[in-house]
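Chains as they are written, first to last, in this note's numbering: chain F, 1 to 239; chain X, 1001 to 1321. The C-beta atom is built at its ideal place from N, Cα and C for all residues, glycine as well. To keep things clear, I will list the structure first and then write my remarks on it.
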């Protein structure tokens, strides 16, 4: 689903966010990316979402080389990826339902299907009863779940999340992760940047650890193997 | 339940047909943009008022010129020629000449004022009666008052005048069209000046709307970033701002027409009084349907141009970070 080949990203300041990163995420995987702030987690997600482009190397998403996606085609590309942000990025001038409907409106889905899908998405995150509310009046955890509903309302095959639980307390974080887990069970590929190692351990998913733009570890929780131990392994054991 | 939903979910996104999608998007965006304007009624009204005044100014001047041209046009065709005949011409010859001229197609009627009649009238009206009695001989010639027929054009009027002037019996043809023509020339200059002014004012409207949309874009920066982040193209982001510009222009144009109408309403009485003094019933010309259409169209056009400039300059720079 996602393949990075020798990807480097150098910022105009000269700082290397990623250097020579090779990575592969298969369809249907749920993978966490961890690391200190500045380790390159966000940069990795930004490259996948085409908010940034790699300085060198290739990022291939769902068989599509992002280097070949032209500027004008970026919106269409993004519509196939669900994105969840640490700060939710909800719009506070409209209701929860309208926020979730936005990707469908952009895609030009007709009103009846839109309403149906919005309700389905909100139900999956347990917020159907808040459809008509303004997101301002929702708790942080609820707002994040609205953000997730918006990310999945177009039923993307790939969902990327940047610190989705960064602002949430442990209970809410676990709740959000459970929601992710459920999507994963339905076949959605997830790539989640997080520094909440305790939480990741509880979920038992594959974990990629970045340090200063390089791959430090690639394991699944519970097996704190060093990266060199699993080098060359095509697929994680747990699959 | 949830599982079911998701299997159905994997079906690709189905959008309605391309045309109805396009139309539906525009209708909903148009309504949303209008709603946004109405939610800030005072601020929106101020901008619309500025646009309306700017549009109303040249429109009103244009209406004044149109009325002036119409009035002077009726003067021109109503003007009579005074043909002063040679001093020594006999009254009978003058009469036969009058009959001859009256048969022309481009002449409606000819009235003969004999020298004696003219003198009598002059005596009565001038107050020089006694002094004129001292004259041994009537200094006035016979005069023909020639009324051209209504079908005459400006060119045929010149021709008629020329031919009357070339008659051997004619001493002098006097027509008061010269000042009418000067008046028309002045109107023409005024018309050009209004056009130039209108172009400048139009540029001002473009700037006003452009600036308003620019502020609007700044205020909605976050929204633009978020929508771009979740896959909105430039077209989608641009659409509401273009509609906002269009609404400003359209409402500004409508208000401009309203302002001019109100002005006409206020002027109705004084104009009627003036017309009464001239014993004429001058009907003030209002905007024709086409002119109303053009004012609204110009408003919409300027609104779109202004918002397009703002959008082209500022929207592209807002990219998700």
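Residue i - DSSP class collapsed to helix/strand/coil
i                       : result
residue 162 of chain F  : strand
residue 1 of chain F    : coil
residue 216 of chain F  : strand
residue 1315 of chain X : coil
residue 1218 of chain X : helix
residue 235 of chain F  : The predicted position of residue 235 of chain F is uncertain, since its pLDDT is 42 and thus under 50; no value can be drawn from it.
residue 10 of chain F   : strand
residue 16 of chain F   : strand
residue 987 of chain X  : This structure cannot settle anything about residue 987 of chain X, because the visible part of chain X is limited to 1001 through 1321.
residue 1245 of chain X : helix
residue 1004 of chain X : With a pLDDT of only 42 at residue 1004 of chain X, under the threshold of 50, the placement of this residue in the model should not be trusted; the figure read from the coordinates follows. If DSSP states are grouped into helix, strand and coil, residue 1004 of chain X belongs with the helices.
residue 1166 of chain X : helix
residue 1020 of chain X : helix
residue 1283 of chain X : coil
residue 1307 of chain X : helix
residue 55 of chain F   : coil
residue 1232 of chain X : coil
residue 1009 of chain X : Bear in mind that a pLDDT of 40 at residue 1009 of chain X, under 50, signals an unreliable position, so the number given afterwards is only what the model happens to contain. In this structure, residue 1009 of chain X counts as helix in the three-state DSSP scheme.
residue 77 of chain F   : helix
residue 92 of chain F   : coil
residue 1128 of chain X : coil
residue 1030 of chain X : helix
residue 1262 of chain X : helix
residue 196 of chain F  : coil
residue 1272 of chain X : helix
residue 1057 of chain X : helix
residue 1267 of chain X : helix
residue 1255 of chain X : helix
Residue i: contacting residues in chain X (beta-carbon distance under 9 Å)
i                      : result
residue 106 of chain F : 1227, 1230, 1231, 1232, 1233 and 1236
residue 102 of chain F : 1226, 1227, 1230 and 1232
residue 135 of chain F : In chain order: nothing, as chain X lies at least about 12 Å away.
residue 145 of chain F : Those within 9 Å of residue 145 of chain F in chain X number zero; the least Cβ separation is about 15 Å.
Bridge partners - residue i, DSSP secondary structure assignment
i                       : result
residue 1172 of chain X : X:1084
residue 1143 of chain X : X:1084 and X:1113
residue 83 of chain F   : F:160
residue 48 of chain F   : Paired residues: none, contrary to the question.
residue 1148 of chain X : X:1107
residue 65 of chain F   : F:60
residue 1205 of chain X : In DSSP, residue 1205 of chain X forms no bridge with anything.
residue 211 of chain F  : F:214
residue 1038 of chain X : Answer is none; residue 1038 of chain X lacks a bridge partner.
Within chain F, the residues that residue i reaches when beta carbons sit closer than 8 Å
i                       : result
residue 1320 of chain X : 51
Interface partners of residue i on chain X, CB under 7 Å
i                     : result
residue 79 of chain F : 1231
Partners in chain C for residue i, counting only beta-carbon separations shorter than 7 Å
i                     : result
residue 54 of chain F : Looking for chain C here will not work: the only protein chains present are F and X.
Closer than 7 Å: residue i CB and nearest the ligand NAD heavy atom
i                       : result
residue 1221 of chain X : As for the ligand NAD, it is missing from this structure, which has no ligand bound.
Every unbroken beta strand (DSSP E) within the region 108 to 193 of chain F, with a cutoff of 3 residues, ordered by chain | 158 to 162 and 189 to 193
Below 7 Å between beta carbons is the criterion; list the residues of the region 81 to 92 of chain F that meet it against any residue of chain X, in chain order.
-> 83, 89 and 91
For the region 148 to 176 of chain F, which residues have a CB atom closer than 9 Å to at least one CB atom of chain X, in sequence order?
-> 150, 151, 152, 154, 155 and 157
Quick one, which residues of the region 1192 to 1223 of chain X are near chain F if we go by CB-CB under 9 Å, in chain order?
-> 1220, 1222 and 1223
Can you check the region 20 to 45 of chain F for any beta strand (DSSP E) of at least 3 residues that lies completely inside it and give the ranges in chain order?
-> 30 to 34
For the region 191 to 210 of chain F, which residues have a CB atom closer than 7 Å to at least one CB atom of chain X, in sequence order?
-> none
Using a Cβ-Cβ cut-off of less than 9 Å, list which residues of the region 9 to 26 of chain F approach chain X; keep chain order.
-> none
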